[in-house]
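Numbered according to the UniProt record's numbering, the sequence shown spans residues 1 to 389. Ideal Cβ positions, reconstructed from N, Cα and C, are used throughout, including at glycine. First comes the structure, then the notes that go with it.
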Amino acid sequence: MARFTLPRDIYFGKNAMEELKNLKGFKKAIIVTGGTSMQKYGFIDKLEAVLKEAGIETGRFEGVEPDPSVETVMKGAKAMQEFQPDIIISIGGGSPIDAAKAMWVFYEYPELTFEDIKTPFTMPGLRKKAIFVAIPSTSGTATEVTAFSVITDYSTKIKYPLADFEITPDIAILDSSIPMTMPQKLVAHTGMDALTHAVEAYVASARSSFSDPLAMQAIVMIFENIIDSYNGGEDARGEMHIAQCLAGMAFSNALLGITHSLAHKIGAQFEIPHGCCNAILMPYVIKYNSRDCMDRYAEIARRLGLSGQTDKQLTDSLIRAIEELNDYLMIASTLKESGVSEDKFNSTVDFISENAALDPCTGSNPRKTTAAEMKKILECAMYGKAVNF
Numbered sequence: 001m002a003r004f005t006l007p008r009d010i011y012f013g014k015n016a017m018e019e020l021k022n023l024k025g026f027k028k029a030i031i032v033t034g035g036t037s038m039q040k041y042g043f044i045d046k047l048e049a050v051l052k053e054a055g056i057e058t059g060r061f062e063g064v065e066p067d068p069s070v071e072t073v074m075k076g077a078k079a080m081q082e083f084q085p086d087i088i089i090s091i092g093g094g095s096p097i098d099a100a101k102a103m104w105v106f107y108e109y110p111e112l113t114f115e116d117i118k119t120p121f122t123m124p125g126l127r128k129k130a131i132f133v134a135i136p137s138t139s140g141t142a143t144e145v146t147a148f149s150v151i152t153d154y155s156t157k158i159k160y161p162l163a164d165f166e167i168t169p170d171i172a173i174l175d176s177s178i179p180m181t182m183p184q185k186l187v188a189h190t191g192m193d194a195l196t197h198a199v200e201a202y203v204a205s206a207r208s209s210f211s212d213p214l215a216m217q218a219i220v221m222i223f224e225n226i227i228d229s230y231n232g233g234e235d236a237r238g239e240m241h242i243a244q245c246l247a248g249m250a251f252s253n254a255l256l257g258i259t260h261s262l263a264h265k266i267g268a269q270f271e272i273p274h275g276c277c278n279a280i281l282m283p284y285v286i287k288y289n290s291r292d293c294m295d296r297y298a299e300i301a302r303r304l305g306l307s308g309q310t311d312k313q314l315t316d317s318l319i320r321a322i323e324e325l326n327d328y329l330m331i332a333s334t335l336k337e338s339g340v341s342e343d344k345f346n347s348t349v350d351f352i353s354e355n356a357a358l359d360p361c362t363g364s365n366p367r368k369t370t371a372a373e374m375k376k377i378l379e380c381a382m383y384g385k386a387v388n389f
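Written out as structure tokens, the structure is:
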């Protein structure tokens, strides 16, 4: 038996946030955010005004950092225990939404520790104290519709992807006016993160007839809109906001692969943004995985209208198309080019490889992968070597 889970409600389009004024039967909402950009552009004040119209008292937990820490999660959970909200609303990028998901668990179960929830799909039932509303400001992580949350343990410099359908939000608000505030580099990184989600979901071992159409539509929309979105096009920004959400619906159910396994471990060690890690790694991983699922990559290439008669030619065209996107978006083609020193790489590559092999995303990769093969992929991505194993 398989499962396919999405939020109950998804509202999208300009000013979609206004829909929250129709919430009934709730008394207190805590707003979790990174704080700066959402406050700067007035979105938090707007959110509070909408909730006030619904008769809901609000509180805030601000200052969630990029790549949120275990410590921040525990502080937020304590704030929730003191405020006792019946709605948790997170607005911002993937970091505050991911952090709020984990806070939600410890708000409802304060006796648990982080160690208790790290094993995928072992969380207790939620919604005994609060429901969860996610309002993304970026167009990449799709955490507003997924069963995942990535939290960093800075003592070990390891990112842990928490996974459980319990933390899938109840309501997702895709307000297309919000991503217009994203700077160009963030558009590039989050857009390529979304593309990675969609491509990995389309080839993942847990893919299904439910996830495939979502993944493929997301891929097509991203290729059609990412460059115009990067250049500030309003319509393209709106389309990317929807495309990344479709990718999230796909991968939350089909799961991901080793591009993400490696990116989770590289990001913390080399301090490279997650979407940038994915963009650098994806061409190398596609080449590696193509031994076992070349027909799936070829089908993507066909839908995109790329050149090639054979599956290999089409797969190579897909890799080139992704490399060309990276080049246009000013994303490095190798880890070395992105600023990783050889000394740092050599001192951490074994640690990264071993932990990437243990990452939850590795199990759904279409090609079975060992730590030794992870290391080879990393070496190719570091120096731009061809993947021929």
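Quick one: complete beta strand (DSSP E) runs, 3+ long, within the region 11 to 44?
28 to 33
Per DSSP, L162 forms a beta bridge with which residues?
On the sequence shown, position 162 is the one that residue 162 refers to. DSSP, once it has assigned bridges, lists S149 as partnering L162.
Starting from G55, trace the beta strand (DSSP E) in both directions and tell me its first and last residue.
In the sequence shown, the residue the question calls residue 55 occupies position 55. Where G55 is concerned, there is no enclosing beta strand (DSSP E), given that its DSSP letter is neither H nor E.
With DSSP run on the structure shown, which of helix, strand or coil describes S90?
Reading the sequence shown from its first residue, position 90 is the one you call residue 90. S90: strand per DSSP, three-state reduction.
The beta strand (DSSP E) with V133 in it runs from where to where?
Counting from one through the sequence shown, the residue named residue 133 turns up at place 133. First-last of the beta strand (DSSP E) with V133: 131 to 136.
Inter-residue CB distance, I56 and I87 (contact presumed, cutoff 8 angstroms):
In the sequence shown, counting from the first residue as 1, residue 56 sits at position 56. In the sequence shown, counting from the first residue as 1, residue 87 sits at position 87. Yes, I56 and I87 are in contact; Cβ-Cβ is about 7 angstroms, under 8 angstroms.
Three-way DSSP call (helix, strand, coil) for A332 in this model
By 1-based counting over the sequence shown, the position of residue 332 is 332. Coil, per DSSP.
Since V105 and I167 are thought to touch, with beta carbons under 8 angstroms apart, how far apart are those beta carbons, to the nearest angstrom?
The residue you call residue 105 lines up with position 105 of the sequence shown. The residue you call residue 167 lines up with position 167 of the sequence shown. Between I167 and V105 the Cβ distance is about 7 angstroms, and since that is below 8 angstroms, they are a contact.
Find the nearest neighbour of A215 within the set E224, M249, T259, judged by alpha-carbon distance.
By one-based count along the sequence shown, residue 215 stands at place 215. Among E224, M249, T259, the Cα nearest to that of A215 belongs to M249.
Once the 5 residues before and after A206 are set aside, which same chain residues still bring their CB inside 6 angstroms of it?
Locating residue 206 in the sequence shown gives position 206, counting from the first residue. Only A254, L255, S364 meet the Cβ criterion.
Rounded straight-line distance, which links the Cα of S69 to that of Y328:
By one-based count along the sequence shown, residue 328 stands at place 328. By one-based count along the sequence shown, residue 69 stands at place 69. Answer to the nearest angstrom: the Cα atoms are 32 angstroms apart.
Where do the N-terminal and C-terminal ends of the alpha helix (DSSP H) with I171 fall, by residue?
Here residue 171 is taken as the residue at index 171 of the sequence shown, counted from 1. From DSSP, I171 is part of no alpha helix (DSSP H) but of the beta strand (DSSP E) over 171 to 175.
Hey, A100 and S90 are a contact pair by Cβ (cut 8 angstroms); roughly how many whole angstroms apart?
On the sequence shown, position 100 is the one that residue 100 refers to. On the sequence shown, position 90 is the one that residue 90 refers to. Right, their Cβ atoms sit about 4 angstroms apart.
Taking 8 angstroms as the threshold, find out whether the region 335 to 353 comes into contact with the region 132 to 150 through three or more Cβ pairs.
no
Over the uninterrupted alpha helix (DSSP H) stretch that includes K375, give me the two end residues.
Here the question's residue 375 lines up with position 375 in the sequence shown. Element bounds for K375: 371 to 383.
Return helix, strand or coil for D9, following the three-state DSSP convention.
Translated into positions along the sequence shown, residue 9 becomes position 9. Strand at D9.
If you run the structure through DSSP and keep just helix, strand and coil, what is S69?
Position 69 of the sequence shown, counted from the first residue, corresponds to residue 69. Three-state DSSP puts S69 in a strand.
Beta-carbon spacing of I258, V285 below 8 angstroms
What you label residue 258 is simply residue 258 of the sequence shown in a count that begins at 1. What you label residue 285 is simply residue 285 of the sequence shown in a count that begins at 1. Taking 8 angstroms as the Cβ cut-off, I258 and V285 qualify as a contacting pair.
According to DSSP, simplified to helix, strand and coil, what is M182?
Residue 182 sits at position 182 when you count from the first residue of the sequence shown. M182: coil per DSSP, three-state reduction.
So, using beta-carbon positions, are T33 and G94 closer together than 8 angstroms?
On the sequence shown, position 33 is the one that residue 33 refers to. On the sequence shown, position 94 is the one that residue 94 refers to. Result no, Cβ atoms of T33 and G94 do not sit closer than 8 angstroms.
Please state the DSSP three-state secondary structure of E324.
Translated into positions along the sequence shown, residue 324 becomes position 324. Residue state, collapsed to three classes: helix.
Assign Y109 to one of three DSSP states: helix, strand, or coil.
Residue 109 sits at position 109 when you count from the first residue of the sequence shown. In this structure, Y109 counts as coil in the three-state DSSP scheme.
Output needed for P366: all residues of its chain with C-beta closer than 8 angstroms, excluding positions within five of it in sequence on either side, in chain order.
Taking the sequence shown and counting its residues from 1, one reaches residue 366 at position 366. Taken in chain order, the residues that qualify are V203, A204, S205, G257, N289, D292, C293, R296.
Go ahead and pull the three-state DSSP assignment for Q84.
Here residue 84 refers to the residue found at position 84 when the sequence shown is read from its first residue. Coil.
May I ask you to report which of helix, strand or coil DSSP gives K101?
For the purposes of this step, residue 101 is identified with residue 101 of the sequence shown, where counting begins at 1. It is helical.
Residues in its own chain within less than 7 angstroms of A371 by CB, not counting five upstream and five downstream?
Counting from 1 along the sequence shown, the entry for residue 371 is found at position 371. Contacts found: S353, E354, A357.
Among residues of its own chain, excluding the 5 on either side of Y230, which ones have a beta-carbon nearer than 8 angstroms to its beta-carbon?
Numbered from its first residue, the sequence shown carries residue 230 at position 230. Excluding residues within five positions, the ones whose Cβ falls inside 8 angstroms are Q184, V187, A188, G191, Y328, L329.
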